[in-house]
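Data first, discussion second: the structure below is written as structure tokens.
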Amino acid sequence: VHQPMIAPSILSADFARLADEAVAVSGRDGAPGADWLHVDVMDAHFVPNLTLGLPVVKSLLAATDIPLDCHLMIDDPDRWAIGYAEAGAHNVTVHVEAAADPVRLARNLRAAGAKAGLSVKPGTPLEPYLDVLKEYDTLLVMSVEPGFGGQKFMAEVLDKVRTARRLVDTGHLRLLVEIDGGINAETIEAAAEAGVDCFVAGSAVYDATDPGRAVEALRGLAAT
Ligand code: DX5
Ligand code: ZN
205 VHQPMIAPSI LSADFARLAD EAVAVSGRDG APGADWLHVD VMDAHFVPNL
255 TLGLPVVKSL LAATDIPLDC HLMIDDPDRW AIGYAEAGAH NVTVHVEAAA
305 DPVRLARNLR AAGAKAGLSV KPGTPLEPYL DVLKEYDTLL VMSVEPGFGG
355 QKFMAEVLDK VRTARRLVDT GHLRLLVEID GGINAETIEA AAEAGVDCFV
405 AGSAVYDATD PGRAVEALRG LAAT
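What follows is the structure, given as structure tokens:
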């Protein structure tokens, strides 16, 4: 068992001050800080919302040392995801519902030097994708319908987390289990018990008066 990872989502940050918002969660006085910075890319097609894209990610990569966890909620990731890997994103996650050839996509992402992530919406089962998941480094389980921050945690996805955890612990899959949506001080312990390795938190971090302290508090709760 290793330390829980925390990935603050900048979706709830101040977009005019993104570099400062990254620094705010990067740790201070020797404290570890965020493991990854979660970047929600939305195209107003795969999801009804629009956020940011590759130019902003490139600027963030130049402005911070925190590894970027790019969550692409976009159509046609087979075409667009590679640019994020080539730019230097640590982890590039695509949606299985949007990818035409997720196996090839994972291989291309890894060949470009990134970790490859596969995300499933709350209603998408894992079972049809077990072979596909063998090609991936991260499984991102959505615990809200993708598109917006600040939504209510859907506890029913924890069954899927438990399934993934079991497959990893029995050696059938080798990946990090990440959860995204509605993670806060009230919900993170249940997610940790179900077997999550990495916790995305947007509003719980950036709506807090002290985002850095919020990261530490969440990590403490996930570790108990
Ligand atoms: C939602 C995004 C999430 C979002 C989470 O579609 O993928 O990363 O930022 O925000 P909270 O933690 O507020 O639910
Ligand atoms: Zn996300």
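For the sequence shown, this note's numbering gives the first residue as 205, with consecutive numbering after it. Ideal Cβ placement from N, Cα and C applies to all residues, glycine included. Keep in mind that this is a model prediction, so the values were computed, not measured.
Worksheet item: Which residue spans inside the region 394-418 form an unbroken beta strand (DSSP E) run of at least 3?
Response: 402-405
Discussion item. Using a strict less-than 5 Å threshold between each residue's beta carbon and the heavy atoms of the ligand ZN, what residues do you get?
Written reply: 244, 275, 384
Worksheet item: Start and end of the alpha helix (DSSP H) containing residue 367?
Response: Your numbering for residue 367 matches position 163 in the sequence shown. Taken as a continuous stretch (DSSP letters only), the alpha helix (DSSP H) holding residue 367 covers 362-373.
Discussion item. Could you give the first and the last residue of the continuous alpha helix (DSSP H) run that contains residue 336?
Written reply: On the sequence shown, residue 336 is found 132 positions in, with the first residue counted as 1. Segment 334-337, the alpha helix (DSSP H) holding residue 336.
Item to complete: In angstroms with no decimal places, state the Cα-to-Cα distance between residue 319 and residue 413.
Response: Translated into the one-based positions of the sequence shown, residue 319 becomes position 115. Translated into the one-based positions of the sequence shown, residue 413 becomes position 209. Their backbone Cα atoms lie some 32 Å apart in a straight line.
Fill in: Near the ligand DX5: residue 425 beta-carbon under 7 Å from a heavy atom
Reading the sequence shown from its first residue, position 221 is the one you call residue 425. No, the Cβ of residue 425 stays beyond 7 Å of every heavy atom of the ligand DX5.
Worksheet item: From what residue to what residue does the beta strand (DSSP E) around residue 214 run?
Response: Here the question's residue 214 lines up with position 10 in the sequence shown. Premise fails: residue 214 is in no beta strand (DSSP E) and is neither H nor E.
Worksheet item: Should residue 278 be counted as a contact of the ligand DX5 given a C-beta to heavy atom distance under 7 Å?
Response: By 1-based counting over the sequence shown, the position of residue 278 is 74. No.
Discussion item. Using 8 Å as the cut-off, can you tell me whether the region 328-337 makes contact with the region 224-241, which would need three or more C-beta pairs spanning the two stretches below that distance?
Written reply: no
Practice prompt. Would you mind stating whether residue 410 and residue 216 have Cβ atoms separated by less than 8 Å?
Written response: On the sequence shown, position 206 is the one that residue 410 refers to. On the sequence shown, position 12 is the one that residue 216 refers to. Against a cut-off of 8 Å, the Cβ pair of residue 216 and residue 410 comes out as a contact.
Practice prompt. Would you tell me roughly how many angstroms separate the C-alpha atoms of residue 281 and residue 294, rounded to the nearest one?
Written response: Stepping through the sequence shown from its first residue, residue 281 is reached at position 77. Stepping through the sequence shown from its first residue, residue 294 is reached at position 90. Each residue's Cα considered, the two are about 17 Å apart.
Worksheet entry | Chain-order list of residues whose beta-carbon lies under 6 Å from that of residue 368 (same chain, five-residue window excluded) | Within the sequence shown, residue 368 is the residue found at index 164, counting from 1. The residues are 343, 381.
Worksheet item: Pairing CB atoms from the region 334-341 with CB atoms from the region 352-361, are three or more of them under 8 Å?
Response: no
Worksheet item: Roughly how many angstroms separate the alpha carbons of residue 314 and residue 394, rounded to a whole number?
Response: Taking the sequence shown and counting its residues from 1, one reaches residue 314 at position 110. Taking the sequence shown and counting its residues from 1, one reaches residue 394 at position 190. Taking the straight line from one Cα to the other gives about 32 Å.
Discussion item. With H, G and I counted as helix, E and B as strand and the rest as coil, what does DSSP make of residue 307?
Written reply: For the purposes of this step, residue 307 is taken as residue 103 along the sequence shown, with counting starting at 1. Helix, per DSSP.
Practice prompt. Report, in whole angstroms, the separation of the C-beta atoms of residue 289 and residue 296, which I expect to be a contact under 8 Å.
Written response: Locating residue 289 in the sequence shown gives position 85, counting from the first residue. Locating residue 296 in the sequence shown gives position 92, counting from the first residue. With 8 Å as the limit, residue 289 and residue 296 qualify as a contact, their Cβ atoms being about 5 Å apart.
Worksheet item: So, helix, strand or coil for residue 285, using DSSP?
Response: Residue mapping note: residue 285 aligns to position 81 of the sequence shown, counting from 1. If DSSP states are grouped into helix, strand and coil, residue 285 belongs with the helices.
Item to complete: Go ahead and label residue 390 buried or exposed: buried means 16 or more other beta carbons lie within 10 angstroms of its beta carbon, across all protein chains shown.
Response: Taking the sequence shown and counting its residues from 1, one reaches residue 390 at position 186. With fewer than 16 other Cβ atoms within 10 Å, it is exposed.
Practice prompt. Can you give me the Cβ contacts of residue 245 inside the same chain, cut-off strictly under 7 Å, excluding the 5 residues immediately before and after it?
Written response: By 1-based counting over the sequence shown, the position of residue 245 is 41. The answer, listed in chain order, is 255, 256, 257, 274, 275, 276, 277, 278.
Item to complete: Could you tell me the boundaries of the alpha helix (DSSP H) in which residue 225 lies?
Response: As a first step, residue 225 is located in the sequence shown; it is residue number 21 there, counting from the start. Unbroken alpha helix (DSSP H) run through residue 225: 222-227.
Discussion item. Just to confirm my understanding: we take residue 325, look at its own chain, exclude 5 residues before and 5 after, and list those with CB closer than 8 Å. What are they?
Written reply: Indexing the sequence shown from 1 puts residue 325 at position 121. Result list for residue 325: 299, 301, 346, 349, 350, in chain order.
Item to complete: Say yes only if the C-beta of residue 242 is nearer than 7 Å to one or more non-hydrogen atoms of the ligand DX5, and no if none qualify.
Response: For the purposes of this step, residue 242 is taken as the residue at position 38 of the sequence shown. Yes, the beta carbon of residue 242 sits closer than 7 Å to at least one heavy atom of the ligand DX5.
Worksheet item: Helix, strand or coil: how does DSSP classify residue 424 here?
Response: If you number the sequence shown from 1, residue 424 lands on position 220. The answer is helix: DSSP assigns residue 424 an H, G or I state.
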